[in-house]
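Residue numbers (this note's numbering), protein chains in the order written: chain A, 219 to 351; chain B, 219 to 351.
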């Protein structure tokens with residue numbers, strides 16, 4: 219199996235947070251939403267069915283963990299989970315904290331408007347709030 | 219635990235396909251995309267973390283199965299998976315076959331334009347193509 223390499227597009231849009239057992243955890247650099255991305259470190263995977271059943275179980279556990287901490291720490295009304303990959307084929311799962319009145323509510327966050335960058339200090343503050351640093 | 223009841227909104231937008239071990243499988247009535255929805259029969263669940271780990275594993279297996287058959291039977295370029303719930307809080311997972319040039323490509327399907335209904339005969343034909351009837 220070839221080596222896992224994070225897509226350049228994902229790397230450009232995010233900050234590294236942690237490596238969980240299966241997934242690289244990234245913070246999307248968009249101040250409009252608390253938004254994590256999980257990237258299974260399985261080289262070449264683009265779809266859920268490219269993973270083994272054990273990897274899928276681990277991925278859904280990590281997705282659930284990310285969603286639960288976003289909900290608990292930010293008080294979000296709803297967690298949105300999505301694996302699209304139309305622009306970035308490398309398998310990745312978005313986990314986004316949503317609230318009525320946010321920039322895309324009640325629609326999806328993808329492809330809506332322009333990201334609003336966070337300063338490094340703001341990224342630090344959010345990650346601390348999430349218990350991820 | 220109270221009894222599972224499918225949300226009226228999901229029922230209105232879809233056709234019943236099957237009950238898999240965890241999820242009710244629905245066909246979205248939108249001819250723009252081959253589009254299945256999985257609804258775990260767990261009363262009151264709105265988020266992944268409302269399920270047990272065993273239910274989450276089953277859900278991701280059923281999501282993967284739905285995606286694999288959409289890919290294999292329709293030749294889709296990409297499968298999109300999403301659990302949003304901003305409008306319909308009952309936990310449900312969209313599994314959508316996507317192709318360059320489709321009505322929303324490369325954006326997400328949710329909240330884009332109006333659904334194009336399929337006739338019952340067209341629904342039958344798609345379900346037969348998918349091996350689901």
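Glycine included, C-beta positions come from ideal geometry on N, C-alpha and C.
**Report entry** Nearest-angstrom Cα separation, counted from residue 338 of chain A out to residue 353 of chain B
**Finding:** Since the first and last residues shown for chain B are 219 and 351, residue 353 of chain B lies out of range.
Query raised in the report: What does residue 279 of chain A reach in chain C if we use C-beta pairs closer than 7 Å?
Result: No chain C appears in the structure shown, which is made up of the protein chains A and B.
Query raised in the report: Under 9 Å between C-beta atoms, does residue 292 of chain B make it to chain A?
Result: What you label residue 292 of chain B is simply residue 74 of the second chain in a count that begins at 1. With 9 Å as the cut-off, residue 292 of chain B does not count as an interface residue toward chain A.
Report task. Might you give, ordered along the chain, the residues of its own chain that have their beta carbon closer than 6 Å to the beta carbon of residue 267 of chain B, omitting 5 neighbours on each side? Result -> Position 49 of the second chain, counted from the first residue, corresponds to residue 267 of chain B. There are no such residues.
Requested in this report: Look up residue 222 of chain A in the DSSP assignment and say whether it is helix, strand or coil.
Outcome: Walking along the first chain from the start, residue 222 of chain A turns up at place 4. Looking at residue 222 of chain A - three-state DSSP - the assignment turns out to be coil, as it is neither helix nor strand.
Query raised in the report: If we ignore side chains and look at the alpha-carbon of each, how far apart do residue 230 of chain B and residue 285 of chain A end up?
Result: For this step, residue 230 of chain B is matched to residue 12 along the second chain. For this step, residue 285 of chain A is matched to residue 67 along the first chain. If you draw a straight line from the Cα of residue 230 of chain B to the Cα of residue 285 of chain A, it is about 28 Å long.
Requested in this report: Let me know the secondary structure DSSP gives residue 282 of chain A once reduced to three states.
Outcome: Counting from 1 along the first chain, the entry for residue 282 of chain A is found at position 64. The answer is helix: DSSP assigns residue 282 of chain A an H, G or I state.
Query - Run of the beta strand (DSSP E) containing residue 301 of chain B, from where it starts to where it stops - result: Residue 301 of chain B sits at position 83 when you count from the first residue of the second chain. Boundaries of the beta strand (DSSP E) around residue 301 of chain B: 296-301.
Requested in this report: Would you check if the distance between the CB atom of residue 297 of chain A and the CB atom of residue 314 of chain A is smaller than 9 Å?
Outcome: In the first chain, the residue the question calls residue 297 of chain A occupies position 79. In the first chain, the residue the question calls residue 314 of chain A occupies position 96. Less than 9 Å separates the beta-carbon of residue 297 of chain A from that of residue 314 of chain A.
Report task. Pull up the CB-CB distance for residue 257 of chain B and residue 308 of chain B, whole angstroms please, since I reckon it's below 8 Å. Result -> Along the second chain, read from residue 1 onward, the residue named residue 257 of chain B stands at position 39. Along the second chain, read from residue 1 onward, the residue named residue 308 of chain B stands at position 90. Right, their Cβ atoms sit about 7 Å apart.
Requested in this report: Report the residue from B:318, B:233 and B:323 whose alpha carbon sits nearest the alpha carbon of residue 350 of chain B.
Outcome: As a working note, residue 350 of chain B is residue 132 in the second chain. Closest option to residue 350 of chain B, Cα to Cα, is B:233.
**Report entry** Whole runs of the beta strand (DSSP E) within the stretch 223-247 of chain A, excluding any shorter than 3 residues
**Finding:** Qualifying beta strand (DSSP E) stretches, in chain order: 232-237 and 241-246.
Query raised in the report: For a contact meaning CB atoms closer than 7 Å, what does residue 297 of chain A contact in chain B?
Result: Within the first chain, the letter at position 79 stands for residue 297 of chain A. Within chain B, the residues whose beta carbon sits less than 7 Å from that of residue 297 of chain A are 265, listed in sequence order.
Report task. Leaving aside the five residues before and after residue 330 of chain B along the sequence, list all residues of the same chain whose C-beta is less than 6 Å from its C-beta, in chain order. Result -> One-based indexing of the second chain puts residue 330 of chain B at position 112. Listed in chain order, the non-local C-beta contacts of residue 330 of chain B below 6 Å within the same chain comprise 322, local neighbours out to five positions each way being set aside.
Requested in this report: Return the chain-ordered list of same chain residues with a C-beta closer than 7 Å to the C-beta of residue 276 of chain B, the five sequence neighbours on each side being excluded.
Outcome: The count along the second chain starts at 1 and reaches residue 276 of chain B at position 58. Non-local C-beta neighbours of residue 276 of chain B in its own chain, meaning closer than 7 Å and more than five positions away in sequence, comprise 239 and 240, ordered along the chain.
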